[in-house]
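Dropping the structure here:
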């Protein structure tokens, strides 16, 4: 069982950005910090922007920052917004051809399991996973006005 | 997020076999019943045998049957035995290189989520997902002695 790479990277990116509240962070530095693919992080950043978790500033000296304080970013909401696919078994997908469909009692248990899984994330915000007192460097950066990507979905 | 195909197919195979308690079932008929790959089902059957959930009879007229009554086959134990990989995020894997390792607070939440997920399966046995009164055909089959594959892990 796995979460998608999107969710894994999204969590790490948000933690990184939350640790540097006083400046904009770039995809390049997050990629370096975790030694992960910059191309994949670009997709993750785009999705996080669309979902309203981060704000981005374009151009020279640009970067990203949280769109809400960490304590307003619920981890369950982040997981739900990043995991496009909760098809735990075939019958949760659109191409389902299982002959048990309609009479299967397993589906309810799988759904119950998924809710149990998400409940753990629902109980926490980004603030819970960012060490207190982290970040806070002075940046001195001259940022252009924020480009707000998509609609905010803060808790 | 997905369960592996092994677990998905294992659950369906066990449900099918449980519905036919009075005879041996073959991989071919299970594959036909769900319209899924016979080759994949062979791997699943082998693993279910190794884990002690089913017993197989070789040769002509052979097949498989449950190694324990359905009410003794705990679904959480089946999921754990079939999912070789609970690497929900990189840090759960062997090749983990995440720079947060050791100081990350997300790991605990992901583990909590996994336990919440498994708890739903732990609360049920195979008997809960097999419709009562299903199966029970007379088989008249001449079966050779059972080849017990692996060690039983019934609840």
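Protein chains in written order, with the numbering used here: chain B, 986 to 1140; chain U, 986 to 1140.
For every residue, glycine included, the Cβ atom is placed at its ideal position computed from N, Cα and C.
Owing to the predicted nature of the structure, the values given are computational and were not obtained by experimental measurement.
Run of the alpha helix (DSSP H) containing residue i, from where it starts to where it stops
i	result
residue 1094 of chain B	1091–1107
residue 1158 of chain U	No information on residue 1158 of chain U is available, as it lies outside the stretch 986 to 1140 that chain U covers here.
residue 1029 of chain B	1023–1035
residue 992 of chain U	990–1003
residue 1014 of chain U	1012–1019
residue 1051 of chain U	Premise fails: residue 1051 of chain U lies in the beta strand (DSSP E), 1048–1051, not in any alpha helix (DSSP H).
residue 1111 of chain B	1111–1114
Assigned exposure category for residue i - 16 Cβ within 10 Å defines buried
i	result
residue 1013 of chain U	exposed
residue 1017 of chain B	exposed
residue 997 of chain B	buried
residue 1044 of chain B	exposed
residue 1040 of chain B	buried
residue 1093 of chain U	exposed
residue 1024 of chain B	exposed
residue 1022 of chain B	exposed
Rounded Cβ spacing between residue i and residue j (contact assumed at less than 8 Å)
i	j	result
residue 999 of chain U	residue 1050 of chain U	The Cβ separation is near 11 Å, so there is no contact.
residue 995 of chain B	residue 1095 of chain B	Contact flag wrong, Cβ pair sits at about 24 Å.
residue 1105 of chain U	residue 1097 of chain B	4 Å
residue 1091 of chain U	residue 1114 of chain B	5 Å
residue 1060 of chain U	residue 1011 of chain U	About 24 Å; that fails the 8 Å criterion.
residue 1101 of chain B	residue 1101 of chain U	3 Å
First and last residue of the uninterrupted beta strand (DSSP E) at residue i
i	result
residue 1041 of chain B	1039–1042
Checklist entry - Got a sec: which bits of the stretch 1095–1111 of chain B sit with their beta carbon under 9 Å from any beta carbon on chain U, in order along the chain? => result Along the stretch 1095–1111 of chain B, the positions whose C-beta sits under 9 Å from a C-beta of chain U are 1095, 1096, 1097, 1098, 1099, 1100, 1101, 1102, 1103, 1104, 1105, 1106, 1108 and 1109, read in chain order.
Checklist entry - Quick one: any contact between the stretch 1022–1033 of chain B and the stretch 988–995 of chain B, if contact means 3 or more CB pairs under 8 Å? => result Taking a cut-off of 8 Å for Cβ pairs, the stretch 1022–1033 of chain B and the stretch 988–995 of chain B touch, as three or more such pairs fall below it.
Next on the checklist: To be precise: take each residue of the stretch 1048–1060 of chain U, compare its Cβ to all Cβ atoms of chain B, and keep it if any distance is under 8 Å. Which residues remain?
Outcome noted: Within the stretch 1048–1060 of chain U, the residues whose Cβ lies closer than 8 Å to some Cβ of chain B are 1060, listed in chain order.
Checklist entry - Does the pairing of the stretch 1049–1057 of chain B with the stretch 1021–1029 of chain B give three or more beta-carbon distances under 8 Å? => result The stretch 1049–1057 of chain B vs the stretch 1021–1029 of chain B: no contact.
Item to check | Proximal residues, the stretch 1012–1031 of chain B versus chain U, C-beta separation under 9 Å | outcome: Of all residues in the stretch 1012–1031 of chain B, 1018, 1019, 1020 and 1021 have a Cβ within less than 9 Å of some Cβ in chain U.
Checklist entry - Given a limit of 8 Å on CB to CB distance, which residues of the stretch 993–1009 of chain B reach chain U? => result Of all residues in the stretch 993–1009 of chain B, 993, 996, 997 and 1000 have a Cβ within less than 8 Å of some Cβ in chain U.
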